[in-house]
Amino acid sequence: MFSRKKKIKKKSKVLTEDEEIVKKANDQNNPLGHLVAFHSFSRNGLDVALKCCKASQLDKITIDQLFELLKKNMKQMYEESAWGWNEKDKFFEMTENSAWYLIASTKEGKTIAFSHFRFDMDYGLPVLYCYELQLELECRHKGLGRFMLQVLELMAFSANLRKVVLTVFVHNLNAVGFFKSHGYVVDETSPASTLEEQFDYEILSKSNKRISKS
Ligand SMILES: CC(C)(COP(=O)(O)OP(=O)(O)OC[C@H]1O[C@@H](n2cnc3c(N)ncnc32)[C@H](O)[C@@H]1OP(=O)(O)O)[C@@H](O)C(=O)NCCC(=O)NCCS
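Here our numbering is used: the first residue of the sequence shown is 10, the next is one more, and so on.
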């Protein structure tokens with residue numbers, strides 16, 4: 010006697026058009042692949058190669074290097090904020106499956122800068138969320154930060170995402186100045202400080218001008 014197997018169909022969630030955009034962006038093998046002119050940066054004494062990959066494709070040594078750079082640059086700023094510095098949480102966030110990396114390394118293989126970013130839905134919109142943009146001290150003010158930010162924008166806008174979003178501490182004056190000088194404005198989702206409640210961070214964004222719907 011043949012028993013008929015019950016057909017158990019997993020109900021697959023129907024994605025909205027915007028969620029499809031995010032999925033397509035995340036399904037890419039290498040979002041930097043088609044941006045050939047942005048695979049290297051040679052200016053002002055820097056000569057680096059850029060690569061883009063998922064956190065899961067990074068080896069332990071590289072992840073540790075990225076974490077140490079983040080800690081060196083940001084630990085104090087976190088400690089000065091209401092969030093405080095939580096090493097375990099930060100490391101977890103940096104190694105989550107949804108994390109993407111843009112990494113700049115010298116010919117000798119030393120990592121000198123990175124961005125941790127994600128293709129994600131944010132308040133109902135498909136965005137590239139830049140979690141980190143971190144450069145070694147000696148590599149700053151040479152145009153590399155601007156170059157990497159441009160790469161993030163190109164990856165976002167060529168994947169039809171609506172904007173690049175990032176969170177910055179208001180006391181990180183250098184970073185706030187840097188992002189604002191590159192057209193970033195306070196995002197509508199940024200919390201507004203009042204007399205009763207002060208926020209020590211703000212959310213900045215740059216919209217994809219090619220997409221007209223608001
Ligand atoms: C913020 C950071 C990424 C900027 O990168 P960078 O490579 O130093 O910046 P660039 O050299 O690419 O700057 C290019 C241009 O941006 C503008 N700019 C840079 N910093 C600026 C600032 N503080 N205020 C106004 N404009 C600024 C200038 O026009 C500059 O061109 P110029 O040097 O010819 O004047 C880098 O300083 C860094 O890693 N800081 C520590 C980590 C950090 O705070 N990251 C941000 C966390 S959200």
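Ideal Cβ positions, reconstructed from N, Cα and C, are used throughout, including at glycine.
If you're wondering where the values come from, they're calculated on a predicted model, not measured in any experiment.
Relative to residue 48, the option among 59, 40, 55 whose CA is nearest is 59. The segment 18 to 38 makes contact with the segment 160 to 172; the number of CB pairs closer than 8 Å reaches 3 or more.
In terms of Cβ geometry, residue 86 and residue 181 form a close pair [threshold 8 Å]. For residue 159, the enclosing alpha helix (DSSP H) begins and ends at 153 to 167. In terms of CA proximity to residue 161, 188 leads the group 146, 147, 148, 188. In the DSSP assignment, residue 131 falls within the unbroken beta strand (DSSP E) covering 120 to 131. Going by C-alpha positions, residue 36 is about 32 Å away from residue 55. Annotated as proximal: residue 64 and residue 105, with beta-carbon spacing under 8 Å. Shortest gap from the CB of residue 133 to any heavy atom of ligand 1: 7 Å or more. Shortest Cα-Cα distance from residue 24 to any of 92, 116, 130 involves 130.
About 5 Å separates the CB atoms of residue 61 and residue 111; that is less than 8 Å, so the two are in contact. Comparing alpha carbon positions, the residue from 115, 136, 216 closest to residue 34 is 136. Taking 8 Å as the upper bound for CB-CB distance, residue 212 and residue 199 are in contact here, some 4 Å apart. Residues of the same chain with a CB within less than 6 Å of the CB of residue 84, apart from the 5 flanking positions on each side, are 94 in chain order.
Counting other Cβ atoms within 10 Å of its Cβ, residue 127 reaches 16 or more and is therefore classed as buried. In this structure residue 153 touches residue 113 by the C-beta definition: roughly 6 Å separates them, less than 8 Å.
For residue 56, the beta-bridge partners assigned by DSSP are 51. If you check the CB distance, residue 177 and residue 185 come in under 8 Å. Here residue 121 is buried: its Cβ has 16 or more other Cβ atoms, across all protein chains shown, within 10 Å.
Using a cutoff of 7 Å, the CB of residue 74 does not count as near ligand 1, since none of the ligand's heavy atoms is closer than that.
Assigned with DSSP and collapsed to three states, residue 207 falls in coil, not helix or strand. Under the three-state reduction of DSSP, residue 202 is assigned to coil, being neither helix nor strand.
For the set 218, 116, 100, the Cα lying nearest the Cα of residue 193 is the one of 218.
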